[in-house]
Each structure stands twice: as structure tokens, then as C-alpha cells.
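Only one structure is covered here, and it is reproduced in the block below.
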Amino acid sequence: MTRTTRAVSWVTAARKTFESFPEGAQSICLAALTIAAEGGKADIAKPMKGFGSGVFEIALLYRGNAFRVVYAVQLEADIWVVHVFQKKSTQGIKTPKQDIDLVKDRLKRLKEMLR
97 MTRTTRAVSW VTAARKTFES FPEGAQSICL AALTIAAEGG KADIAKPMKG
147 FGSGVFEIAL LYRGNAFRVV YAVQLEADIW VVHVFQKKST QGIKTPKQDI
197 DLVKDRLKRL KEMLR
């Protein structure tokens, strides 16, 4: 059985933010995205609550910093990275509302664009 690897596409703003992450954090996140592209789910990825199925968040603790990569697996054939941020929140593990709103907005715009 041949497994097909899906392409990983990026919202431009997410790609720009991602490029500012430390190199080590980038490679770990890219490895997790590769697993997703091959149909799996990395240990550091978890479903993102409040978005239905198909939206995941890679949560990486790297050198004392928390990095997040949010991707959607149910938009067209590609896996879409819709939002990337470094979490500076002091509220524990909760994702800041502004980031949740941004993900919602980008998903909505992406769905309209891909129609």
C-alpha cells in the first residue's frame, strides 16, 4: 500500500512568524507537520478545541519558550498552516483569545478562497 504525502501550504503571515522561531523549534515543528502530511499525528500535536475535527495545534516547549503551530487537515488536498505564534501567556495552557479569533478568521477566509 502506498501512502501519499499531502502538501503543506502556509498562510503567508503564519510562514513569516514561523521563520522567526529558533531553528531547533522550526525543525521539530516541521517534523510534526511531515507526520501530519503522511496521515499521522505527532505526539506534540493535539486537536484544537472549539473548531470541530480537523484543526490541530502543535504545542512545543523549546528552551523555556512555548511555540504553537495551528494547522487544518480538512481544507482541500493540502494541510494548511493557518497560525503560528509564540505563547507568552501567563494563564497556563489556555490559548489567548486573540489567537483563537485569528485562527477562526483565517480558517473562514481560507475556506472562502479555496471554494
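The opening position of the sequence shown corresponds to residue 97 in this note's numbering, with each subsequent residue numbered one higher.
Glycine is no exception: its CB is placed at the ideal position from the N, C-alpha and C atoms.
Source: prediction; values computed, not measured.
Assign residue i to buried or exposed, taking buried as 16 or more other Cβ atoms, counted over all protein chains shown, within 10 Å of its Cβ.
| i | result |
| --- | --- |
| T100 | exposed |
| I108 | It is Thr, not Ile, that sits at residue 108 in the sequence shown. Per the 10 Å Cβ criterion, exposed. |
| A121 | buried |
| R211 | exposed |
| R205 | exposed |
| L203 | buried |
Apart from the five residues on each side of it in sequence, which residues of its chain come closer than 7 Å, Cβ to Cβ, to residue i?
| i | result |
| --- | --- |
| A128 | A138, I140, A141, I154 |
| V104 | L129, A133, D174, I175, V177 |
Would you kindly work out how many angstroms separate the C-alpha atoms of residue i and residue j, rounded to a whole number?
| i | j | result |
| --- | --- | --- |
| T130 | M209 | 24 Å |
| G160 | E172 | 35 Å |
| L157 | K207 | 30 Å |
| G146 | A162 | 21 Å |
With DSSP run on the structure shown, which of helix, strand or coil describes residue i?
| i | result |
| --- | --- |
| K200 | helix |
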